[in-house]
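**Student:**
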Amino acid sequence: MKKMLRLICFLSFLLISVPTVCSDKNQSIYDVLKAHGLPMGLLPTGVKEFNIDETGRFEVHLDQACNAKFESELHYDMNVTGSLSFGQIGALSGISAQELFLWFPVKGIRVDVPSSGLIYFDVGVVFKQFSLSLFEMPRDCVAVRDEEIEAVRHGKFIADAVAKSQSGKLRYGLDQENFGRDFL
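Laid out in structure tokens, this is it:
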């Protein structure tokens, strides 16, 4: 009897301490998002695997890092993690949003009252507001090169491109200015 009691205690401990993983293989991450009051389009097409435990902590694995275009551009790392609860995702990592030539990590996503049609992305200092309808369906995601991934991480890709194009215009303007002086 004593051994049986120990075995039951040990098994109970294992069940409590080890998070369970979503075992319904027919359920997609998009179904899980909908069940939690979130739009399916928060994640792009190409999710090859996902896990979610009983606390709502999830991991999503994509085929490749990619960008998807909405009102602004979103970047998805190959691995996206977060904590899912009804109407929101917290402790999010693996998604960045572009704003004014810079990339900001998205730390959380929250759906306002669903009838309002608004969704908010927490990018650190502010909440970026979008129309909920933008995220109704998963978007195709365009693969990004390793250099672009690194640039997104450092928030410099677009800013560097603009700086290079402006320096070219400035150099052209200076050349034009000096052109007339050579003849005088």
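Going letter by letter, the sequence shown gives residues -23 to -1, 1 to 161 in mature numbering (1 follows the signal peptide of the UniProt record, and there is no 0).
Here a beta-carbon is modelled for each residue, glycine too, at the ideal position from N, C-alpha and C.
Do G33 and L61 come within 7 Å of each other at the CB atom, strictly closer than that value?
**Tutor:** In the sequence shown, residue 61 corresponds to position 84, counting from 1. In the sequence shown, residue 33 corresponds to position 56, counting from 1. Their beta carbons are under 7 Å apart, which means L61 touches G33 by this criterion.
**Student:** Beta-carbon separation of P115 and M17 under 7 Å?
**Tutor:** Position 138 of the sequence shown, counted from the first residue, corresponds to residue 115. Position 40 of the sequence shown, counted from the first residue, corresponds to residue 17. Result yes, Cβ atoms of P115 and M17 sit closer than 7 Å.
**Student:** Under 7 Å between the Cβ atoms of V57 and V37?
**Tutor:** Looking up residue 57 in the sequence shown gives position 80. Looking up residue 37 in the sequence shown gives position 60. It is a contact, given that the beta carbons lie within the stated cut-off.
**Student:** Which of the three DSSP states is assigned to residue 163 in this structure?
**Tutor:** The chain is shown from -23 up to 161; residue 163 falls before or after that span and cannot be answered.
**Student:** Give the single residue among A42, V88, W80 whose Cα lies nearest to the Cα of S49.
**Tutor:** Position 72 of the sequence shown, counted from the start, is the residue given in the question as residue 49. Checked all of A42, V88, W80; the closest Cα to S49 is W80.
**Student:** From which residue to which residue does the beta strand (DSSP E) around A12 run?
**Tutor:** Numbered from 1 along the sequence shown, position 35 holds the residue referred to as residue 12. Not the beta strand (DSSP E): A12 falls in the alpha helix (DSSP H), residues 6 to 12.
**Student:** For S70, which option in F35, E26, S5 has the closest C-alpha, if you only look at C-alpha atoms?
**Tutor:** Along the sequence shown, one-based indexing puts residue 70 at 93. It is F35 whose Cα lies nearest to the Cα of S70.
**Student:** Which word fits V103, buried or exposed, when buried means at least 16 other C-beta atoms lie within 10 angstroms of its C-beta?
**Tutor:** The sequence position of residue 103 within the sequence shown is 126, counting from 1. Under this definition V103 is an exposed residue.
**Student:** Tell me, to the nearest whole angstrom, how far the beta carbon of I86 is from that of I66; I am working on the premise that it is less than 8 Å.
**Tutor:** Sequence index remark: in the sequence shown, residue 86 carries index 109 (1-based). Sequence index remark: in the sequence shown, residue 66 carries index 89 (1-based). Contact holds; Cβ gap of about 5 Å.
**Student:** Threshold first: 3 residues or longer. Then list the beta strand (DSSP E) segments lying entirely within the stretch 66 to 102, N to C.
**Tutor:** Runs found: 79 to 82, 85 to 88, 95 to 99.
**Student:** Quick one: Cα of E31 to Cα of G94, how far?
**Tutor:** Translated into the one-based positions of the sequence shown, residue 31 becomes position 54. Translated into the one-based positions of the sequence shown, residue 94 becomes position 117. Using only the alpha carbons, I get a separation of about 29 Å.
**Student:** Using 7 Å as the threshold, is the C-beta distance between M55 and L39 below it?
**Tutor:** Reading the sequence shown from its first residue, position 78 is the one you call residue 55. Reading the sequence shown from its first residue, position 62 is the one you call residue 39. Going by C-beta atoms, M55 is nearer than 7 Å to L39.
**Student:** Does DSSP classify D123 as helix, strand or coil?
**Tutor:** To locate residue 123, count along the sequence shown from 1; it is residue 146. Helix.
**Student:** Looking at the unbroken beta strand (DSSP E) that takes in L19, where does it start and where does it end?
**Tutor:** Translated into the one-based positions of the sequence shown, residue 19 becomes position 42. L19 -> no beta strand (DSSP E), and no H or E assigned at all.
**Student:** Which same chain residues end up closer than 6 Å to A42 when comparing Cβ atoms and leaving out the 5 residues on each side of it in sequence?
**Tutor:** Residue numbering aside, residue 42 sits at position 65 when the sequence shown is read from its first letter. Cβ within range, chain order: D54, M55, V121, I126.
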